[in-house]
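Numbering (my numbering), first residue to last: 543 to 1341.
The beta-carbon is built from N, C-alpha and C at its ideal position, and this holds for glycine as well.
These numbers come from a predicted model, not from an experiment.
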């Protein structure tokens, strides 16, 4: 099989046909993702909807009692330019945000595979083997990627970045060096704004340093290529652009996650401390959100079951042992049994100068992601502790299993190397017995593993087919080496079997990683949104969302946008404020319902004589904790002095509090159901008399405008007092009475209020995290600068 255009197009058609056969219903949006990937949709929906309306959302008033939105932007990678295409599709083509989300997710998968093709082609110098490697990668990922959106978030742009690094290092004086550097800068800047960049950055650093150590670039050539003034100036501009693109995550970490910041990663506290919310208190952690204390020095890993998964496509169905003993994570390493065999051939026999570099990088990724002790909440190994010291961000990673996806990338690279060897008839004849021996070794290994752990040599019909494919590969190698079958027939058979195997693998699990999308679209279509305006304002929060489909609940808001004070997923929010964390873990739940807008309106007015000023947080929480629901609604508690800005260290004694019952697993729903049933008459009466609360002899409050970042009210108050807006307090909120800014005070520990003299006021609340807005502008400035430089270089090269 020569490397002709006809053969390349045939393989591309085979890869795309295989993918479409497996996932045609997802491409047509008849199905949608499950697990984390649909849970993350809430973040994407909120962003797409707001951006289509012309507003970047910094705050989310729908989650808990209102909390930060912008720190979650990296979770779904919303600063990826792909999402700007999604925004345009939603705004101008009236595409559903869910449809845009599905297609963006698919686009990222194909971009990853495309980058792998360029990387593999550079390594093997063979388009055919590179296409096959990229196709295997494309079809090996969905089993893990579709339930876990974040998977490709780690890997997404890695192949392109590695490819550009190699191009530049090998020819730093070449005519395209400036273009390569500009493209590399763009991709690095985007990748560092997607999910948790520690996995990505560690891989890039290891690869780059490894290339230097192994002498892949000739240092004298690099020195010559970088020695002229024009190149150095160009690189300085690119470095500035990269630093600008890093501004959003850096601004969050420095400003919000510092010792005196407000940001609190609730999810990590819950998950890494046995779901006991107060075992490790936010107020006791005096370091930033980069602290390893949030992981409790434990993580989720790949383990022995994941390694066995290289040989068993239906491992999760047939190997109960691995799950009963917590030895298999959600990562699935199966890349096809023949690709695995060919991968071993490439790893053992290929003589490429890149093989050692790829093997070294893959080994370090494996060390970081593998635990011999099991999968969930396991301690660091000795080697991991060593690497944690060398690269401290690793110590803060909770999802160590995600390193497994880099290993799949490198397995596919070795597969491409092996395929490039199989294309050589001389190699086939010389190494036929070694390849046959390798096939027999894998065959016997499977039989031994199956027999030992499950008491049967063959575990399923699919497992039998895998055994036959291993044996058949050895037979094909033998008869081809002896010229018993034509060259084209050998390669045609091998390639077709590879993709039939991967088609069967994806089809086997398709119904377990996708679900019917109709209920989701029906839910979206039932929403009669009027856009960002007064009619979108809810005078009461919904305490829980009892939907027939739990996956309609998202981290940041439900699809139906009815998520309120608490929800099924409230303890899975990535971030909230430290104040809300303390409020949630100390104030009785029935008092929370009264204070945060579930029982009483989100907006209230308190005359001055019903307001109590307190300068001690401990005393304030004691009042909110000791009083019953009626007591805490009769008065408004305002913090005075510097208590609203004081650090959290004085709160350490709160760790002595016992964990509250409603925060135990599954207790929240039961507690809430009983509470609302017992108080339904009271709640109904209050909710039916909203006008009495907001339009009475003392005050009239009308909502003029409402959006994710602002609330504008028309207030007519006959007496002086406080307008209480029980949406989360943050130091980044501002208030304006007309054009004049007025102070916002922290009220009822976690909420906000403003004092108004008697009269008529147009009151406006604005959430304004200036540091992040500056960081966002810097990101787009850096992105635009890089894109401009790319255009200039392309124009110059064309001339």
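My output table needs one value for residue 715: the three-state DSSP class, helix, strand or coil. To locate residue 715, count along the chain shown from 1; it is residue 173. Three-state DSSP puts residue 715 in coil, outside helix and strand.
First and last residue of the uninterrupted alpha helix (DSSP H) at residue 634: Translated into the one-based positions of the chain shown, residue 634 becomes position 92. First-last of the alpha helix (DSSP H) with residue 634: 623-634.
Whole-Å CB distance - residue 678 paired with residue 1044, under 8 Å assumed: The residue labelled residue 678 in the question sits at position 136 within the chain shown. The residue labelled residue 1044 in the question sits at position 502 within the chain shown. Indeed, because the Cβ distance is near 7 Å, the residues count as touching under 8 Å.
Determine, using beta carbons only, whether residue 683 and residue 654 come nearer to each other than 9 Å. For the purposes of this step, residue 683 is taken as the residue at position 141 of the chain shown. For the purposes of this step, residue 654 is taken as the residue at position 112 of the chain shown. Yes, the pair counts as a contact, with Cβ atoms nearer than the cut-off.
Quick check on residue 680: does DSSP put it in helix, strand or coil? As a first step, residue 680 is located in the chain shown; it is residue number 138 there, counting from the start. If DSSP states are grouped into helix, strand and coil, residue 680 belongs with the helices.
Rounded separation between residue 1123 and residue 797 - CA only: The residue you call residue 1123 lines up with position 581 of the chain shown. The residue you call residue 797 lines up with position 255 of the chain shown. Per the coordinates, the alpha-carbon of residue 1123 lies some 19 Å from the alpha-carbon of residue 797.
C-alpha distance - residue 1326 paired with residue 721, whole-angstrom precision: On the chain shown, residue 1326 is found 784 positions in, with the first residue counted as 1. On the chain shown, residue 721 is found 179 positions in, with the first residue counted as 1. Taking the straight line joining both Cα atoms gives about 15 Å.
Indicate whether residue 1048 and residue 685 have their beta-carbon atoms separated by less than 9 Å. By one-based count along the chain shown, residue 1048 stands at place 506. By one-based count along the chain shown, residue 685 stands at place 143. Cβ atoms of residue 1048 and residue 685: closer than 9 Å.
For residue 1156, does the three-state DSSP call read helix, strand or coil? One-based indexing of the chain shown puts residue 1156 at position 614. Here residue 1156 sits in strand by DSSP.
Exposure of residue 601, with buried meaning 16 or more beta-carbon neighbours within 10 Å: The residue you call residue 601 lines up with position 59 of the chain shown. Residue 601 sits buried, since 16 or more C-beta atoms from the chains shown fall within 10 Å of its C-beta.
Look up residue 613 in the DSSP assignment and say whether it is helix, strand or coil. Taking the chain shown and counting its residues from 1, one reaches residue 613 at position 71. Residue 613 falls in the helix class under three-state DSSP.
From the DSSP output, read off the bridge partner residues of residue 1306. The residue labelled residue 1306 in the question sits at position 764 within the chain shown. Answer is 1254, 1278, bridged to residue 1306.
Just mark residue 1168 as buried or exposed, buried being the case when its beta carbon has 16 or more other beta carbons within 10 Å. Locating residue 1168 in the chain shown gives position 626, counting from the first residue. Residue 1168 should be labelled exposed.
Can you find the residues in the same chain that come closer than 8 Å, C-beta to C-beta, to residue 1260, ignoring five residues on each side of it along the sequence? Position 718 of the chain shown, counted from the start, is the residue given in the question as residue 1260. Closer than 8 Å at Cβ, skipping near neighbours: 1239, 1240, 1241, 1300.
Residue 1311, DSSP secondary structure in three states: Counted from its first residue, the chain shown places residue 1311 at position 769. Residue state, collapsed to three classes: coil.
Quick one: is the Cβ of residue 1181 within less than 8 Å of any heavy atom of the ligand COA? Annotation note on the ligand COA: not contained in the displayed structure, which lists no ligands.
Helix or strand or just coil, what does DSSP make of residue 1140? On the chain shown, position 598 is the one that residue 1140 refers to. The answer is coil: DSSP assigns residue 1140 none of H, G, I, E or B.
Should residue 1084 be labelled buried (16 or more other beta-carbon atoms within 10 Å of its own) or exposed? Position 542 of the chain shown, counted from the start, is the residue given in the question as residue 1084. Looking at its Cβ environment, which holds 16 or more other Cβ atoms inside 10 Å, residue 1084 is buried.
Is residue 1303 closer than 9 Å to residue 1253 when the C-beta atoms are compared? Counting from 1 along the chain shown, the entry for residue 1253 is found at position 711. Counting from 1 along the chain shown, the entry for residue 1303 is found at position 761. Contact flag unset, no.
Below 8 Å CB to CB, which residues in the same chain sit around residue 1345 once its five sequence neighbours on both sides are set aside? No information on residue 1345 is available, as it lies outside the stretch 543 to 1341 that the chain covers here.
When the Cα atoms are used, what is the spatial distance from residue 859 to residue 749? Residue 859 sits at position 317 when you count from the first residue of the chain shown. Residue 749 sits at position 207 when you count from the first residue of the chain shown. Their backbone Cα atoms lie some 36 Å apart in a straight line.
In terms of alpha-carbon separation, which member of 846, 917, 1133 lies closest to residue 995? Here the question's residue 995 lines up with position 453 in the chain shown. When only C-alpha atoms are compared, the closest one is 846.
What is the DSSP secondary structure of residue 992, reduced to helix, strand or coil? In the chain shown, the residue the question calls residue 992 occupies position 450. The answer is helix: DSSP assigns residue 992 an H, G or I state.
With 16 other CB atoms within 10 Å as the buried threshold, where does residue 1186 fall? On the chain shown, position 644 is the one that residue 1186 refers to. Confidence at residue 1186 is low in this model, with a pLDDT of 45, below 50, so the placement of that residue should be treated as unreliable; the coordinate-derived value is given next. With 16 or more Cβ atoms within 10 Å of its Cβ, residue 1186 is classed as buried.
Provide the residue span of the alpha helix (DSSP H) that contains residue 553, from first to last. To locate residue 553, count along the chain shown from 1; it is residue 11. Residues 547-569.
By DSSP's criteria, residue 844 is part of a beta bridge. Which residues make up the other side? Here residue 844 is taken as the residue at index 302 of the chain shown, counted from 1. Answer is 912.
Can you have a look at residue 1091 and say buried or exposed, based on whether 16 or more other CB atoms are within 10 angstroms of its CB? Here residue 1091 refers to the residue found at position 549 when the chain shown is read from its first residue. Summary for residue 1091: the model assigns pLDDT 42, below 50, so the residue's position carries little reliability, and this model does not support an answer.
Three-state class that DSSP yields for residue 577 in the structure shown: The residue given as residue 577 occupies position 35 in the chain shown. In this structure, residue 577 counts as helix in the three-state DSSP scheme.
Is it true that the region 564-582 meets the region 595-609, where meeting means three or more beta-carbon pairs spaced less than 8 Å apart? no
Any 3 or more C-beta pairs closer than 8 Å across the region 611-631 and the region 1123-1143: As far as the Cβ criterion goes, the region 611-631 does not touch the region 1123-1143, which means the pair count is below three.
Enumerate, from N- to C-terminal direction, the unbroken alpha helix (DSSP H) stretches of 4 or more residues contained entirely within the region 1024-1071. 1029-1055, 1060-1067
Which residues bound the alpha helix (DSSP H) around residue 971? Mapped onto the chain shown, residue 971 falls at position 429. Per DSSP, residue 971 belongs to the alpha helix (DSSP H) from 967-972.
Check for me: the beta strand (DSSP E) holding residue 1146 runs from which residue to which? Translated into the one-based positions of the chain shown, residue 1146 becomes position 604. Note, residue 1146: beta strand (DSSP E), 1145-1149.
Could you tell me whether the region 899-915 touches the region 943-955, where touching means 3 or more Cβ pairs closer than 8 Å? yes
Please report the Cβ distance between residue 920 and residue 843, rounded to the nearest whole angstrom; I am assuming they are in contact, meaning their Cβ atoms lie under 8 Å. Reading the chain shown from its first residue, position 378 is the one you call residue 920. Reading the chain shown from its first residue, position 301 is the one you call residue 843. With a Cβ gap of about 6 Å, residue 920 and residue 843 count as contacting.
What are the complete alpha helix (DSSP H) segments, minimum 4 residues, inside the region 910-957? DSSP runs (the alpha helix (DSSP H)) wholly in the region 910-957: 924-932.
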